[in-house]
Amino acid sequence: MKVAVLADIHGNLEALQAVVADLRRQGAERVISLGDNIGYGPDPEKVVQLLQQVGCRSVLGNHEFALMDKRGRRWLNFQAAENNIETENLLSAESRRYCCHLPSFLESDNACFVHGFPPASVFRYLHRQSDEKIVALFASSTCSIYFVGHTHKLQIVIVDSTGVRRRPLVQEKIRLLEDEKYIMSAGSVGQTRDIDYRAKYLMWDNQRSELEARFVHYDNELTREKIGQRGFPEAYALRLRKI
0 MKVAVLADIH GNLEALQAVV ADLRRQGAER VISLGDNIGY GPDPEKVVQL
50 LQQVGCRSVL GNHEFALMDK RGRRWLNFQA AENNIETENL LSAESRRYCC
100 HLPSFLESDN ACFVHGFPPA SVFRYLHRQS DEKIVALFAS STCSIYFVGH
150 THKLQIVIVD STGVRRRPLV QEKIRLLEDE KYIMSAGSVG QTRDIDYRAK
200 YLMWDNQRSE LEARFVHYDN ELTREKIGQR GFPEAYALRL RKI
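As structure tokens, this is what we get:
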């Protein structure tokens, strides 16, 4: 089965629409989002609606958590906390309920899906976890593959008998080996934090044991204009600029 793994869409409708079109062309049979479907971007309501239309399963991100439990806004910086309030006002009651009732993690096909760091954190970042914590994670888990978001950067962590290796994921396809365990950071569909504005997501073929990092062009200028029209911080638009 081909599973499309999305992360950190952040209310960016144009990016999500482009990714949905691409994953359909690639023959994705299942779509899973790693959370933070909302926040920063100008179209949270339409993003939530589109995810439901395509049958996407999603876990809770820290921006959804901050809707569910207002204490979560303390973990956001000032701009993000204010934006969370503005985002809440842009969501329908139905969409707010959807966001607030997402599970903290999912398990499927011997893989686990979580926003931050396994098993169920929405706040902890992968790059801040020691090799020892990662080894201990797999020692206590039946999952051999974890998919995480939150960092907005593509990365692969490989655990085998020699230890822990980490490297960035680029636009590539890789073979997953039976004697290795993995944590995959899925990048960001809608709020990239590298020099390439394109929407990124992962396509996992669990029958062929292959993983592909997909980079998708979209109309980022339109999204930037809409961010400005909303009166959202300019920083959220500048992240989408083409370098």
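Read in numbering that gives the first Met the number 0, the sequence shown has 90 at position 91, and its numbers run on one by one without any break.
A virtual CB, placed ideally from N, CA and C, is assigned to each residue, including glycine.
Owing to the predicted nature of the structure, the values given are computational and were not obtained by experimental measurement.
Could you check how far apart the C-beta atoms of residue i and residue j are, in whole angstroms? I think they sit under 8 angstroms.
| i | j | result |
| --- | --- | --- |
| residue 15 | residue 188 | 6 angstroms |
| residue 152 | residue 193 | 6 angstroms |
| residue 222 | residue 13 | 5 angstroms |
| residue 114 | residue 60 | 4 angstroms |
| residue 297 | residue 155 | Outside the displayed span of the chain (0 to 242) sits residue 297, for which this structure offers no information. |
| residue 18 | residue 198 | 5 angstroms |
| residue 32 | residue 6 | 7 angstroms |
| residue 172 | residue 209 | 6 angstroms |
| residue 143 | residue 109 | 6 angstroms |
| residue 122 | residue 74 | 6 angstroms |
Is it buried or exposed for residue i, if we count other Cβ within 10 angstroms and need 16 for buried?
| i | result |
| --- | --- |
| residue 77 | exposed |
| residue 212 | buried |
| residue 3 | buried |
| residue 169 | exposed |
| residue 161 | exposed |
| residue 0 | exposed |
| residue 22 | buried |
| residue 8 | buried |
| residue 84 | exposed |
| residue 176 | exposed |
| residue 68 | exposed |
DSSP state of residue i, grouped into three classes?
| i | result |
| --- | --- |
| residue 127 | helix |
| residue 15 | helix |
| residue 190 | coil |
| residue 48 | helix |
| residue 159 | strand |
| residue 154 | strand |
| residue 113 | strand |
| residue 68 | coil |
| residue 107 | strand |
| residue 244 | Here the chain covers residues 0 to 242 and nothing more, so residue 244 does not appear. |
| residue 21 | helix |
| residue 147 | strand |
| residue 37 | coil |
| residue 133 | helix |
Answer yes or no: do residue i and residue j have a C-beta to C-beta separation smaller than 8 angstroms?
| i | j | result |
| --- | --- | --- |
| residue 39 | residue 88 | no |
| residue 111 | residue 63 | no |
| residue 79 | residue 103 | no |
| residue 58 | residue 90 | no |
| residue 10 | residue 46 | yes |
| residue 200 | residue 186 | yes |
At a cut-off of 7 angstroms, would you count residue i as near the ligand SAH, judging by its Cβ distance to the nearest heavy atom?
| i | result |
| --- | --- |
| residue 77 | With respect to the ligand SAH, the structure offers nothing, as it holds no ligand at all. |
Please return the same chain residues whose Cβ sits closer than 6 angstroms to the Cβ of residue i, not counting the five positions on each side in sequence.
| i | result |
| --- | --- |
| residue 163 | 130, 133 |
| residue 229 | 41 |
| residue 25 | 202 |
| residue 94 | 44, 47 |
| residue 216 | 197 |
| residue 235 | 39, 226 |
Spatial neighbours of residue i within its chain, please: C-beta separation below 8 angstroms, excluding the five flanking residues on both sides.
| i | result |
| --- | --- |
| residue 178 | 159, 160 |
| residue 124 | 115, 116, 149, 150 |
| residue 207 | none |
Report all residues from its chain with a CB closer than 7 angstroms to the CB of residue i; omit the five preceding and five following residues, and keep chain order.
| i | result |
| --- | --- |
| residue 238 | 190, 191, 192 |
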